[in-house]
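From first to last, the protein sequence lines stand for chains G and V. Residue 15 in the numbering used here sits at position 15 of the first sequence, with consecutive numbering throughout. Residue 147 in the numbering used here sits at position 34 of the second sequence, with consecutive numbering throughout. Where a beta carbon is used, it is the ideal one built from N, C-alpha and C, also for glycine. Here the structure is a predicted model, which means the values were calculated and not measured. Data first, discussion second: the structure below is written as structure tokens.
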Amino acid sequence: AQSVTQLGSHVSVSEGALVLLRCNYSSSVPPYLFWYVQYPNQGLQLLLKYTSAATLVKGINGFEAEFKKSETSFHLTKPSAHMSDAAEYFCAVSRGSQGNLIFGKGTKLSVKP
Amino acid sequence: DSGVTQTPKHLITATGQRVTLRCSPRSGDLSVYWYQQSLDQGLQFLIQYYNGEERAKGNILERFSAQQFPDLHSELNLSSLELGDSALYFCASSTLAGGKSSYNEQFFGPGTRLTVL
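Pasting the structure below:
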């Protein structure tokens, strides 16, 4: 069975600091991995996706994630946090041939001025 | 704007009632997925339709049902509502059925917030 675990339900950083949101996956087949962002009272927006091409994936808004098979991780990073990055972030894996997404519990990112 | 529309935006109803949530996928997308987001369970997959046919089922209760119509819009029907059904219900659409490839970029609508009193 496939699953994702997000470490830390809340992460707080200062504006301009590095953002690191952790995601570990469990999958018996090569996974397809995604990061989504949810701003307050809005739907989910795709930040980036890993589909077995490059292991370092660049997404929107300056975010990137690195797929590490040996660590079964897909952590999300951004070199310099901006106030507008405050949101909830979800890591997800695509479930086998059915295609539906299995989400982690989410990490709420706060950015302090 | 993802191109996926959901109506209504908010719905307040009483226990025991039945409601219908509507979703219109992005133009050209054949797959529709329904997800439930609640504080207790997080984001959970409910059901998927592809071109009018049910393709996959997740943690969907028997009191819930869905369908996809010939024009590709989808409806999620929730009946005998309970307090615990209060949640945000998302619809997502994709071009793929899921088939042999798991690569499946899904575009999410803004959601319908259901409150059961």
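For G43/G, the neighbours in chain V by C-beta distance under 7 Å run, in chain order, S115, F203, F221, G222, P223 and G224.
Closest option to P138/V, judged by alpha-carbon separation, among L124/V, I125/V, G129/V and Y163/V: Y163/V.
Taking the CA atoms as reference points, S151/V sits about 12 Å from F158/V. For E66/G, the enclosing beta strand (DSSP E) begins and ends at E64 to K68. Below the 9 Å Cβ cutoff, chain G contributes no neighbours of Y162/V, its closest Cβ being approximately 11 Å away. C-alpha of G197/V to C-alpha of Q119/V: approximately 21 Å in a straight line. By the Cβ-count criterion, F182/V is exposed, with fewer than 16 other Cβ atoms from all chains shown falling within 10 Å of its own Cβ. Listed along the chain, the chain V residues whose CB falls inside 9 Å of the CB of F90/G are G155 and L156.
Taking a Cβ-Cβ cut-off of 7 Å, A127/V has no neighbours in chain G, whose nearest Cβ is about 24 Å from it. Setting aside the 5 residues that flank it on each side, S27/G is surrounded in the same chain by Q2 and V93, each with a C-beta closer than 7 Å to its C-beta; the list follows chain order. K105/G sits away from G141/V, with the two beta carbons spaced by 9 Å or more. The beta carbon of A179/V does not come within 9 Å of any beta carbon belonging to chain G, so the residue lies off that interface. Of the residues assessed, K78/G falls on the buried side of the cut-off, its CB having 16 or more other CB atoms within 10 angstroms.
For E188/V, the enclosing beta strand (DSSP E) starts and ends at S187 to L191.
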